[in-house]
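Below is one structure, written out as structure tokens; the observations come after it.
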């Protein structure tokens with residue numbers, strides 16, 4: 002009995018020893034993760050393509066159970082909608098995300114600052130900067146702080162008389178401040194400076210960001226980044242994990258062809274050009290049935306343009322004005338009136354100016370593109386109209402009208418009816434005057450495959466030829 006008791010005590014002691022040496026994964030290293038670090042690079046303005054790129058990278062990192070995913074950024078900012086999608090993906094990621102502003106000379110401005118705040122670990126390369134997180138669509142004076150010079154009865158009076166735009170500015174500002182503060186509290190970073198970056202567009206260098214606890218460390222390259230990240234504790238799904246990244250290989254996830262295509266077509270200028278090419282192609286197909294190629298290319302371009310605009314924060318009133326302008330120009334081409342042409346150009350320009358609700362750099366409409374597109378559309382309408390006008394003046398070559406005035410020769414005749422030879426074909430004919438075989442006549446009218454003819458030497462007004 003004592004032997005069994007001794008064995009039980011030894012077994013229990015062994016379990017205790019193992020538990021002490023190997024703590025649970027809630028507070029220790031992540032168990033079962035693949036010994037690799039993945040990297041995804043965001044270079045340029047943040048848009049729908051970058052949101053899709055990060056989403057796919059996070060999915061790959063989760064499937065492979067990687068040690069960490071490095072999100073390397075060099076961005077001037079971008080769309081708020083895409084930024085929020087990326088932040089949501091990072092916060093829900095089962096794999097630690099290390100934000101890294103690089104290479105030297107790069108920056109994480111505007112939307113990039115929010116994303117860096119959202120990552121589990123934040124780092125910057127020497128010579129980089131971050132900040133200026135005020136949404137650029139906001140204009141006018143920013144809301145004053147309590148106790149400022151704009152406080153008091155006069156300020157209250159001004160606020161009551163202030164335009165609705167000021168209220169929208171304050172609303173957007175406070176929303177941005179709340180977002181960056183919540184991210185700072187979640188990751189243990191400097192919330193006060195985050196608010197300053199939003200309200201005052203403040204910026205920091207890499208060294209200053211480290212001193213003010215905005216980032217976790219400064220790393221010259223990816224190798225040093227992994228060394229400094231090694232052993233640091235992050236919180237994943239409510240559990241703390243210690244990173245083991247030192248010396249691990251880094252695999253870069255390149256964007257696929259779909260993301261590259263998305264990055265091109267979500268440029269609002271490219272999207273507008275695609276829409277115009279689509280409309281031109283469909284107009285050519287409808288005016289010249291059977292060409293096929295213009296209709297196919299036009300349909301593809303139109304669908305791509307509409308899909309791209311659907312991903313952007315557009316004004317549907319602006320889009321409607323652009324389409325109305327194009328319709329006016331098409332009608333102008335079919336039935337020239339000048340008024341519709343001028344109205345179409347004006348509607349197109351106004352719609353293009355209103356089309357995009359600008360939220361970030363890299364997504365502005367170019368007036369050079371808008372003006373060129375308007376001039377080309379007007380030119381196309383005038384060119385098409387001139388061809389149609391000239392076609393209306395041409396002598397018809399088919400149908401009943403094409404037969405009028407054609408010479409013919411009487412083959413046989415009885416009374417007021419007989420047969421004639423016209424264009425080498427035998428036709429039934431009738432006339433209001435007596436005719437004889439061999440007479441030279443001309444076609445006056447065609448009805449039910451019967452020609453009405455008259456002598457060639459007499460016109461309808463009685464003049465001699």
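In our numbering, the protein residues as written are 2 to 466. Beta carbons: idealized from backbone N, C-alpha and C, even for Gly. The structure presented is a predicted model; accordingly, all values stated were derived computationally and were not measured.
Within the same chain, and ignoring the five residues on either side of residue 238 in sequence, the residues whose Cβ sits closer than 7 Å to its Cβ are 95. Runs of the alpha helix (DSSP H) spanning 4 or more residues and lying entirely within the region 335-360 occur at 340-356, in chain order. Here DSSP, grouped into helix, strand and coil, assigns residue 366 to coil. When the five nearest sequence neighbours on each side are left out, the beta carbons in the same chain lying within less than 7 Å of the beta carbon of residue 305 are those of 266 and 275, in order along the chain. The residues 302, in chain order, have a CB closer than 6 Å to that of residue 278 in the same chain once the five nearest residues on each side in sequence are set aside. Cβ-Cβ distances below 8 Å link residue 208 to 127 and 219 in the same chain, with the five nearest sequence neighbours on each side left out; the list follows chain order.
Contact check for residue 89 against residue 114 fails: the beta carbons are separated by 9 Å or more.
Within the same chain, 322, 325 and 326 come within 6 Å of residue 348 by CB-CB distance, once the 5 residues on both sides are set aside. The C-beta separation of residue 419 from residue 430 comes to about 6 Å, placing the pair in contact by the 8 Å criterion. Non-local C-beta neighbours of residue 371 in its own chain, meaning closer than 6 Å and more than five positions away in sequence, comprise 353, ordered along the chain.
Counting C-beta atoms within 10 angstroms of its own C-beta, residue 172 has fewer than 16 neighbours from the protein chains shown and is therefore classed as exposed. With 16 or more other Cβ atoms from the protein chains shown falling within 10 Å of its own Cβ, residue 48 counts as buried. Between residue 455 and residue 442, the gap from beta carbon to beta carbon is short of 9 Å.
Within the same chain, 404, 405, 406, 407, 409, 423, 452 and 454 come within 7 Å of residue 444 by CB-CB distance, once the 5 residues on both sides are set aside. Shown here, residue 216 sits in coil according to DSSP, grouped into three states, outside any helix or strand. Scanning its chain for C-beta atoms nearer than 7 Å, with the 5 sequence neighbours on each side dropped, one finds around residue 421 the residues 409, 410, 411, 412, 428, 430, 442, 452 and 454, in chain order. Scanning its chain for C-beta atoms nearer than 7 Å, with the 5 sequence neighbours on each side dropped, one finds around residue 216 the residues 123, 124, 125 and 210, in chain order. Taking a 10 Å sphere around the C-beta of residue 51, we find 16 or more other C-beta atoms and assign the residue as buried. Counted as a single uninterrupted DSSP element, the stretch harbouring residue 105 is not any beta strand (DSSP E), since DSSP gives it neither H nor E.
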